[in-house]
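Mapping of the sequence shown onto this note's numbering: position 415 corresponds to residue 415, and the numbering continues sequentially without gaps.
Yeah, the Cβ is synthetic: ideal placement off N, Cα and C, and Gly gets one too.
Have a look at the structure below before the remarks.
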Amino acid sequence: MHKHHIALGLARPVEAATGHDIAASFDDALGIAQSLRPAEPVTLVRPHAAARAARFFAEKFPGKSLYAVKANPSTDLLRILWDAGVTHYDVASIAEVRLVAATLPGATLCFMHPVKAEEAIAEAYHLHGVRVFSLDSLDELDKIVRATDSASDLTLCVRLRVSSEHAKLSLASKFGCGPSDARALLFAARQAADALGLCFHVGSQSMTPQAYAEAMERVRLAIVDAAVTVDVVDVGGGFPSVYPGMEPPPLERYFEVIGRAFESLPVSYSAELWAEPGRALCAEYSSLIVRVERRRGDELFINDGAYGALFDAAHIGWRFPVELLRGEASRAKLMPFSFYGPTCDDLDHMSGPFLLPADVGAGDYLEIGMLGAYGAAMRTGFNGFGATETVVVADEPMATLYGGAVERVASNVVKL
Ligand SMILES: *Cc1c(COP(=O)(O)O)cnc(C)c1O
């Protein structure tokens with residue numbers, strides 16, 4: 001975390017080294033822009049939004065929800081999710097294992113990276129009590145057996161390769177074993193495991209529940225083909241959030257489709273259903289205030305970018321909702337802008353388009369929304385930029401998939 005206290009006598013850091021540096025609490029982004037006039041980006045966090053998402057999954061997903069820590073490893077967020085009922089955590093590195101074990105001593109950790117260092121497996125098992133591991137090869141199975149001294153209390157989840165065609169971000173090439181290898185691996189893992197699982201990932205921001213139905217068909221074929229008993233079916237992550245131009249069906253639809261597909265599996269009477277939501281649990285948790293340092297036509301030079309919290313906006317063209325923060329709302333028409341970030345290279349560019357009033361200019365503050373997932377987590381200090389304060393706010397995120405709340409910036413979220 002980069003620390004830099006707001007120099008207005010308000011600095012009141014309350015978190016330990018791995019947590020956010022929470023300086024103060026305000027009602028909303030406009031209040032912060034007006035009273036602090038921050039010269040550097042400010043991260044806003046909305047604990048109520050993360051807690052609402054966690055309760056939604058805890059109450060409505062027809063199985064167990066593991067939070068995928070990589071989406072946002074903030075220790076504040078981990079505690080919020082824990083308090084809202086998330087007891088299981090999907091971790092992918094030994095650093096994530098240590099972080100969650102230290103932050104939430106009661107949590108159950110599941111090491112769901114299919115290619116791990118043997119030392120990481122050993123430390124996770126012997127020191128941190130991790131019993132759940134994923135794998136997609138016989139080599140990894142050997143590694144797990146060696147590192148745990150042939151433990152008899154393992155839950156081993158075999159990762160199947162499934163299509164990412166319905167997702168905005170593919171996870172189809174790197175991991176997962178194909179149909180021809182699954183039988184031998186399931187058979188071998190069954191011998192080594194106390195409990196055997198099957199898992200997959202349909203790709204991030206999956207825009208239709210059909211993706212899960214198709215993947216569950218792969219699970220069914222794998223179970224039938226290998227003729228093994230399966231104790232866990234884990235449908236992974238990929239649950240969407242809402243962004244401009246990406247409005248998925250309600251999450252309840254995903255849960256229904258998954259629930260029905262699970263019930264039709266030959267093992268449903270004895271197996272547990274799991275999911276590993278990352279994005280869906282934390283996208284609404286945070287947003288960012290940036291300042292426009294220069295305008296050049298329809299290009300805005302802002303003070304955060306590709307090396308900050310806007311990696312996805314730059315590198316995969318993700319569009320986030322934006323709002324101009326002015327005490328008196330602009331009456332100018334909305335027009336499309338692109339952004340340049342603060343570093344010195346052309347890569348630090350976000351094509352958007354981002355819709356803002358036509359009179360936006362240098363000195364204006366903007367709020368960029370829906371950055372809780374894969375935003376804050378990717379920030380670097382490249383080129384001397386990247387310092388950010390974290391401030392708790394009580395207002396609604398710019399958009400939500402969790403009902404009840406209004407869509408604050410409907411014009412930004414609905415169309416373009
Ligand atoms: C990244 C990841 C997740 C979370 O994915 P989202 O699309 O953010 O829900 C879950 N499981 C695994 C194995 C992952 O790699």
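Cut-off 8 Å between Cβ atoms - residues of its own chain near residue i, not counting five sequence neighbours on either side
i    : result
G363 : R291, V292
D153 : R131, D194
A189 : L135, L141, L156, V158, L196
H83  : Per the sequence shown, residue 83 should be read as Asp rather than His. Taken in chain order, the residues that qualify are A51.
L169 : G203, S204, Q205, I316
Selection from the options that minimises the alpha carbon distance to residue i
i    : options                : result
F320 : A58, L160, S241        : S241
G372 : P47, Q34, M216         : P47
D139 : A68, A49, E217, V115   : V115
L251 : A58, A188, G369        : A58
F187 : A211, V224, A151, M216 : V224
L288 : V392, S330, I80, G259  : V392
D312 : Y243, A68, C199        : Y243
M216 : V145, L198, D231, V228 : L198
G259 : A213, N383, S150, D304 : A213
R295 : A122, Y365, A283       : Y365
G403 : S204, P249, G238       : P249
R379 : E328, T43, A182        : T43
H37  : V235, M370, R326       : The amino acid occupying residue 37 in the given sequence is Arg; His does not appear at that position. For the residues V235, M370, R326, the minimum Cα distance to R37 belongs to R326.
L385 : P41, A172, F61, G278   : Per the sequence shown, the amino acid found at residue 385 is Phe instead of Leu. Of the listed residues, the one whose Cα sits closest to F385 is P41.
G245 : L355, T229, D149       : L355
Classification of residue i by the beta-carbon crowding that lies within 10 angstroms, buried from 16 upward
i    : result
L347 : exposed
K70  : buried
A450 : The requested residue 450 does not occur in the structure, where the chain is confined to residues 1 to 416.
P266 : exposed
V14  : Reliability fails at V14, whose pLDDT of 32 lies under 50, so the model's placement of it is uncertain and no value is given.
P62  : exposed
Residue range of the unbroken beta strand (DSSP E) whose run includes residue i
i    : result
P357 : 349-357
S241 : That residue, S241, is in no beta strand (DSSP E); it is neither H nor E in DSSP.
A275 : 272-275
T155 : 155-159
E389 : 389-393
R190 : Not the beta strand (DSSP E): R190 falls in the alpha helix (DSSP H), residues 179-192.
Start and end residues, alpha helix (DSSP H) containing residue i
i    : result
C282 : 279-282
R218 : 210-226
V97  : 94-103
D142 : 138-147
Same chain, Cβ closer than 7 Å to residue i, neighbours up to 5 away in sequence not counted
i    : result
P353 : P336, F337, S338, L416
Y285 : V45, R46, A49, A50, N72, L77, G372
G85  : A54, R55, A58
A417 : With the chain covering 1 to 416 only, the question about residue 417 has no answer from this structure.
G317 : S351
D359 : S330, A332
Rounded straight-line distance, which links the Cα of residue j to that of residue i
i    : j    : result
E323 : G31  : 14 Å
S35  : R79  : 29 Å
S163 : I94  : 28 Å
L401 : R253 : 12 Å
P397 : A275 : 24 Å
A7   : T388 : The predicted position of A7 is uncertain, since its pLDDT is 31 and thus under 50; no value can be drawn from it.
L435 : S270 : Outside the shown range of the chain (1 to 416) lies residue 435, about which nothing can therefore be said.
G341 : E272 : 45 Å
E299 : G361 : 10 Å
G308 : T343 : 10 Å
H126 : T208 : 40 Å
Contacting residues, own chain, Cβ-Cβ under 6 Å from residue i (five flanking each side not counted)
i    : result
D90  : L66, A68, C110, M112, E276
K143 : E118
Below-7 Å beta-carbon distance, residue i vs any chain C residue
i   : result
P73 : Annotation note: the requested chain C is absent from the structure, which comprises a single protein chain.
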